[in-house]
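Inspection log for the structure reproduced underneath, given as structure tokens.
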Amino acid sequence: MMKKTLMIAILALALWSCGGKIEADLIIHNATVYTVDDAFSTATAFAVKDGKFIGVGSDEEILAGFESKETINLEGAPVYPGLIDGHAHFYRYGLGLKNADLVGTKSFEEIVEILKAHRAKYPDEEWILGGGWDQNDWEIKEFPTKDKLDEAFPNTPVLISRVDGHAALANSAALGESEIFSKAKEVNGGKIYFDKNGNATGLLVDNAIDLIAKFIPAQTKADQVEALLMAQQNCFEVGLTSVVDAGLEVETIELIDSLNKTGDLKMRLYVMAAPTEENIDYFKKKGKIKTDHLNVRSFKVYGDGALGSRGASLLTDYSDDPGNDGFLLQEAAYYDQLAKTFYDMGFQMNTHCIGDNSNHVVLDIYSKYLPEDNDLRWKIEHAQVVSRDDIDKFGKYNVVPSVQPTHATSDMYWAADRLGEERVKTAYAFKDLLDQNGYIALGSDFPVEDINPMYGFHAATARQDAKNWPEGGWQPENKLSREEALKGMTIWAAYSNFEEKEKGSIEKGKFADFIIAEKDMMKAPESELRNLKVKATYLDGKKVY
Ligand SMILES: [Zn+2]
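For the sequence shown, the working numbering assigns the number 17 to the initial residue and increments by one for each residue that follows.
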């Protein structure tokens, strides 16, 4: 009897050690794993197989249940789900990596110096392109004119855009290509600036930029591929494994799909298509696109411009510019027609709304088509200034607020000038927006802001700039907690894209996208958050950085 029991025990042990463990491709243990599951629980280990998480739990559970040739002891290092940028311009950012970077310039003289150096580096480009200037950072906070550009570049076309992309400065060589300025002085949804003699100053706002930008020579296919791959690499380095690209043409979407198929482009992209007639027809015929790396089921629409260039559409005048309340980029009927089209197609409508009038008009149009308690997850991109009379429409119609915390900390120096002390309280109100539905999607809008998601995490939770100003945070009542901010960059961003079942948390069955950080963003002092570094990024269970 004794013998038989022993035999069974030995047999069971043998079975357990050779056949009882599940084969995995990778085991991570001795880590601090923020799973971002419903309970926001932490684990210490997980196993990955075929690009998915197959087990998450304690070291004991995972090491007893799984075996793998690659087992990594992280010695306590923090692990998070791969980060998601809920609103960015991935492709445009990639293209811009070869343009002059004017972010943070302190004067127009500095811009000219950077452009000269850029020209020396790329002497054969037909146009000199750059972006990122912000006149609010200069001593003279007025819009620039083309004079100094003409002096430095009398024969080469130059077009340099403001940090928000809603204004740009062209030199005479660039303007000369268009001949528009002698004919049309009014631009629908845009503005051309003229001096007192009636000559164009070179400054163009919103739709007026397109009058010049259409003359920029097209990118070659090789340029486009290079742009996408450079963007991908930079994103992996900061821990992003999914990015929402807000507004692409069908040709670019097809290029992305082909690069996914060859395995060159691994970044998961949720792409909003630009709402052109051709693109709408294309998706009417083709329907939604959904692969493991590409998801297209939405359109990005522009409601208005930006607050910095006073192109945002407000309910009442700008506090620092009486008589000006900004403008919608199209008539309300245009947005209504698109809403009907997208509703009928079963596509998500995502509209850029900055000013409180733009938010008001678009929320009202959404409410015409969206039933209460729908699960269509239409988004308002930015939701930057939302009147107290409109904010509950987010909850009532399950509209997703898709916001960019770094916009708050970039604009906080002058937002009250534009909006006044009262109205500014309804701006960048992330906590108030979160309270409507219990979720919020966070993004950066790169290249308008930096691609680093830790800047967004810091801005959302501390509401301070890089110098930790102001003390206590700007409009601190709208701070998000660290848990809320991490959810906004993971599971809630995934939800806003109908992807919460496949990504956004470290849970069994989901894509094995995760990052290993040097320090714990949930515990590090506020002043260190911006500088937290990602040690490694994994996508599909494979190390990509
Ligand atoms: Zn954007």
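Quick reminder that beta carbons are idealized off the backbone N, C-alpha and C, glycines included.
In whole angstroms, what separates the C-alpha of residue 408 from that of residue 447? For residue 408 and residue 447, the distance between alpha carbons rounds to 13 Å.
Considering only the beta carbon of each residue, do residue 107 and residue 272 sit closer than 9 Å? By the CB criterion at 9 Å, residue 107 and residue 272 fall inside the cutoff.
Identify the continuous beta strand (DSSP E) that holds residue 253 and give its terminal residues. Per DSSP, residue 253 is not a residue of any beta strand (DSSP E); the alpha helix (DSSP H) it occupies stretches across 237-253.
Which of helix, strand or coil DSSP assigns to residue 364: Taken through DSSP and simplified to helix, strand or coil, residue 364 comes out as strand.
Given 8 Å as the limit, is there contact between the region 407-425 and the region 466-477, that is, 3 or more CB pairs closer than that? Segments in contact, yes.
Length-filtered (4 minimum) alpha helix (DSSP H) runs lying within the region 77-123: Counting whole runs of 4 or more residues, the region 77-123 contains the alpha helix (DSSP H) stretches 106-112.
Could you name the residues, in chain order, whose CB is less than 5 Å away from a heavy atom belonging to ligand 1? Residue list for ligand 1: 262, 461 (CB closer than 5 Å to any heavy atom, chain order).
Cut-off 6 Å between Cβ atoms - residues of its own chain near residue 490, not counting five sequence neighbours on either side: Counting only Cβ-Cβ distances below 6 Å, and skipping sequence neighbours, we find 428, 479.
Ordered list of alpha helix (DSSP H) runs contained in the region 453-486, each at least 4 residues: Listed in chain order, they are 469-478.
Per-residue DSSP class, three states only, for residue 502: Three-state result, residue 502: helix.
Whole angstroms is fine: what's the gap from residue 276's alpha carbon to residue 308's? Cα to Cα, the separation comes out at about 9 Å.
DSSP state of residue 543, grouped into three classes? Residue state, collapsed to three classes: helix.
How close, in whole Å, do the beta carbons of residue 285 and residue 261 come, if the pair is a contact with beta carbons under 8 Å? Right, their Cβ atoms sit about 6 Å apart.
Rounded to the nearest angstrom, what separates residue 485 and residue 128 at their Cα positions? A straight-line Cα-Cα distance of about 30 Å links residue 485 and residue 128.
Relative to ligand 2, is the shortest distance from any of its heavy atoms to the C-beta of residue 434 smaller than 8 Å? Absence of ligand 2 from the depicted structure is noted, with ligand 1 being the only ligands included.
Within the continuous beta strand (DSSP E) that includes residue 426, where are the two ends? No beta strand (DSSP E) holds residue 426; the alpha helix (DSSP H) holding it covers 421-427.
Considering just the uninterrupted stretch of the alpha helix (DSSP H) at residue 275, what are its terminal residues? From DSSP, the alpha helix (DSSP H) with residue 275 extends over 266-277.
Run of the beta strand (DSSP E) containing residue 315, from where it starts to where it stops: First-last of the beta strand (DSSP E) with residue 315: 310-318.
Option in 265, 41, 222, 58 with minimal Cα separation from residue 499: Considering only alpha carbons, the answer is 58.
Selected residue, minimal CA-CA separation from residue 542, among 514, 524, 481: Of the candidates 514, 524, 481, the one whose C-alpha sits nearest the C-alpha of residue 542 is 481.
Is it the case that the Cβ atoms of residue 214 and residue 555 are separated by a distance below 9 Å? Not closer than 9 Å, so no.
Taking just the CA atoms, how far does residue 560 sit from residue 74? Going from the Cα of residue 74 to the Cα of residue 560 covers about 25 Å.
Could you tell me the alpha carbon to alpha carbon distance between residue 229 and residue 55, rounded to whole angstroms? Their backbone Cα atoms lie some 49 Å apart in a straight line.
Provide the residue span of the alpha helix (DSSP H) that contains residue 7, from first to last. Shown here, the chain extends from 17 to 561; a query on residue 7 therefore has no answer.
Exposed unless 16 or more other CB atoms sit within 10 angstroms - verdict on residue 29: Annotation note: pLDDT 49 at residue 29 (below 50); position unreliable, coordinate value reported separately. Exposed, since its Cβ has fewer than 16 Cβ neighbours within 10 Å.
For residue 156, does the count of other Cβ atoms within 10 angstroms reach 16, so buried, or fall short, so exposed? Residue burial annotation: residue 156 is exposed, with fewer than 16 other C-beta atoms found within 10 angstroms of its C-beta.
What would DSSP say about residue 51, mapped onto helix, strand or coil? Residue state, collapsed to three classes: coil.
Every unbroken alpha helix (DSSP H) inside the region 511-536 [4 residues or more]: Counting whole runs of 4 or more residues, the region 511-536 contains no alpha helix (DSSP H) stretch at all.
Leaving out five residues on either side along the sequence, give the residues of the same chain with a beta carbon under 7 Å from the beta carbon of residue 115. The residues are 145, 146, 147.
Unbroken beta strand (DSSP E) run spanning residue 284, endpoints: Bounds of the beta strand (DSSP E) holding residue 284 are 284-289.
Where residue 77 and residue 65 are concerned, what is the direct C-alpha to C-alpha distance, given to the nearest angstrom? The alpha-carbon of residue 77 is positioned some 16 Å away from that of residue 65.
Taking the alpha-carbon positions, what's the residue 135 to residue 141 distance? Each residue's Cα considered, the two are about 8 Å apart.
Starting from residue 410 and walking both ways along the alpha helix (DSSP H), at which residues does that stretch end? Note, residue 410: alpha helix (DSSP H), 408-412.
To the nearest angstrom, how far is it from the Cα of residue 267 to the Cα of residue 237? Straight-line Cα distance between these residues: approximately 10 Å.
Which same chain residues, not among the five before or five after residue 453, have their C-beta less than 7 Å away from its C-beta? 410, 411, 414, listed in sequence order.
Put residue 165 into one of helix, strand or coil per three-state DSSP. Assignment of residue 165 by DSSP, reduced to helix, strand and coil, places it in the helix class.
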